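Residue numbers (our numbering): 286 to 499.
Glycine included, C-beta positions come from ideal geometry on N, C-alpha and C.
Remember, predicted model here, so these are calculated numbers, not experimental data.
Remarks on the structure that follows.
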Amino acid sequence: MTFGTSGAQPATQPRRSRWASAAMVIGGFVAVLYVIEAVDVASGLALDRHGIGPRSVDGLQGVAFAPLLHHGWDHLFANTVPLLVLGFVLMLSGIARGLAVTAVVWIVGGLGTWLTGETASLHVGASIIVFGWLSYLIVRGVFARDLGQLLVGVLVLLVYGSALWGVLPTQEDVSWQGHLFGALAGVLAAWMFAGAARRERAARTLPPSPTLHR
């Protein structure tokens with residue numbers, strides 16, 4: 286019975302495949318938003334009533350639906366490029382991780398908006414997701430202690446950092462609550478998944494296990 290190291294290395298997903306998967310997921314999501322908005326516009330923006338209605342029992346359903354709805358094409362156009370860019374960067378780190386981060390942002394950001402929004406107001410739009418992805422990408426490298434992610438975070442901050450002013454109540458018709466709690470949810474997600482990211486990085490740096498021969 287002898288022990289030796291195998292020449293085979295663990296299979297890794299090719300970079301081209303990761304990029305294609307990330308592009309397909311985020312492109313598909315944005316395409317769905319356009320289909321929904323086409324239906325919404327055709328119905329006279331009737332779907333918008335399913336947005337977040339703060340502290341209303343009926344308005345609580347908006348936590349699930351608000352990020353899918355937009356108040357007209359201009360609203361959706363404004364969110365499209367950030368969704369494509371930030372979503373693609375996020376999904377490059379792994380589809381499962383990207384979807385988990387999105388779920389945290391979607392739920393926490395929506396609930397925060399529901400709790401703090403103005404009475405009798407209605408909140409719709411994917412800005413909750415945009416601000417959540419933005420803050421997550423900026424701070425994840427700090428929690429994960431990953432130099433590569435830190436550099437990506439700095440780049441994202443340089444390109445989109447000015448958008449963070451949107452968490453302040455500077456425009457009456459803009460849901461700064463959605464922006465604020467989306468961003469806070471992104472930070473929460475970065476903290477929640479940092480430990481798993483460090484473990485995954487450590488596992489990738491370990492030498493391959495010896496193969497048993499007998």
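**Asked** By how many angstroms is the C-alpha of residue 383 removed from the C-alpha of residue 304?
**Response** Roughly 13 angstroms between the two C-alpha positions.
**Item:** For residue 447 and residue 351, the rounded distance between their alpha carbons
**Value:** The alpha-carbon of residue 351 is positioned some 24 angstroms away from that of residue 447.
**Request:** Determine contact between the segment 325–342 and the segment 395–405, defined as no fewer than three beta-carbon pairs at a distance below 8 angstroms.
**Result:** With contact defined as three or more Cβ pairs closer than 8 angstroms, the segment 325–342 and the segment 395–405 are in contact.
**Asked** How close, in whole Å, do the beta carbons of residue 463 and residue 410 come, if the pair is a contact with beta carbons under 8 angstroms?
**Response** That pair is a contact at about 7 angstroms.
**Asked** Got a sec? Which residues, its chain only, sit under 8 angstroms from residue 452 by beta carbon, not counting five neighbours each side?
**Response** Closer than 8 angstroms at the Cβ level, and outside the excluded window around residue 452, lie 416, 461, 464, 465 and 468.
**Request:** Give me the Cα-Cα distance between residue 459 and residue 379, rounded to the nearest whole angstrom.
**Result:** Rounded to the nearest angstrom, the two C-alpha atoms are 32 angstroms apart.
**Message:** Judging by CA-CA distance, which residue of 345, 428 and 374 is the nearest neighbour of residue 501?
**Reply:** Outside the displayed span of the chain (286 to 499) sits residue 501, for which this structure offers no information.
**Request:** Assign residue 322 to one of two classes, buried (16 or more other C-beta atoms within 10 Å of its C-beta) or exposed (fewer than that).
**Result:** By the neighbour-count rule (16 or more Cβ atoms within 10 Å), residue 322 is buried.
**Proximal residues to residue 437 (C-beta, below 8 angstroms), its chain only, five neighbours per side dropped** = Excluding sequence positions up to five before and after residue 437, its CB lies within less than 8 angstroms of the CB of 374, 422 and 426, all in the same chain and listed in chain order.
**Prompt:** So, is residue 362 buried or exposed, given that buried needs 16 or more other C-beta atoms within 10 angstroms?
**Reply:** Here residue 362 is exposed, its C-beta having fewer than 16 other C-beta atoms within 10 Å.
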